[in-house]
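Structure record follows, encoded as structure tokens.
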Amino acid sequence: MLSKFEQVQKQWGGTSDVIDHWLMSRQQLLIDYCKLAGLPPFKSNDRQLPTTSQLQLFSQQLVDYISEGHFKIYDMVMERWNATGYSPTEDISQLYMQITQTTDPLLNFTEKYTEITADDELPDFDSDLSGIGELIEIRFALEDRLIALISESLACPPGA
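As structure tokens, this is what we get:
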């Protein structure tokens, strides 16, 4: 995921402050996921379950990322489009709908792990974390396609 992120950042970073903000938020979420999962470059030889505070922090950041995408970033893009007279295409609307379909499963993870205590056993944690990684990867791939369409729309508004 990190190498794919670097490719996206090289391709679309700097094209718009909206996209730059989106990519910065994504980068932080990726770093925190890799830390939580013990993935490179945060791999540990003595793999242990994360602490409750690590799980709660990641869960909160995941909620923040989702919320920011649905509200702040979407609003920023809509504001730009309104200023230029651009309307979302069917492709953009379909991608956004597909992205929103990943929201509930991601939020289910946060609900499950936000309220844990140090005494709780986490028998499903590895499979849950793996599933979240896969969902995040799917969401990012969809967002990448959306970023490409948004970038094109912001670079060449109607009548330009």
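Count the sequence shown with my numbering and you get residues 14 to 173, in order. Backbone N, C-alpha and C define an ideal beta-carbon position, used for all residues, glycine too.
How many angstroms separate the CA atom of residue i from the CA atom of residue j?
i: P53; j: C47; result: 7 Å
i: G144; j: T116; result: 13 Å
i: L120; j: T127; result: 10 Å
i: G98; j: Y87; result: 16 Å
i: D137; j: E150; result: 20 Å
i: V90; j: S29; result: 10 Å
i: M96; j: S166; result: Reading the sequence as shown, one finds Ala at residue 96 and not Met. Taking the straight line joining both Cα atoms gives about 12 Å.
i: G82; j: Q61; result: 31 Å
i: S100; j: W94; result: 7 Å
i: K23; j: T102; result: 25 Å
Return the residue from the list the options that minimises the CA-CA distance to residue i.
i: D45; options: V76, Q20 and G27; result: V76
i: Y109; options: A131, I163 and E134; result: I163
i: T123; options: Q114, S80 and Q69; result: Q69
i: D139; options: E81, T130, P63 and S29; result: P63
i: L148; options: Q114, H34 and D133; result: Q114
i: R158; options: Q107, G146 and T130; result: Q107
i: D132; options: F84, T65 and K125; result: T65
With a cut-off of 8 Å on the beta carbons, I'd call residue i and residue j a contact; round off their distance for me.
i: L155; j: I112; result: 5 Å
i: Q41; j: Q74; result: 7 Å
Determine the contact status of residue i and residue j, defining contact as a CB-CB distance below 7 Å.
i: I160; j: I32; result: yes
i: A50; j: L135; result: no
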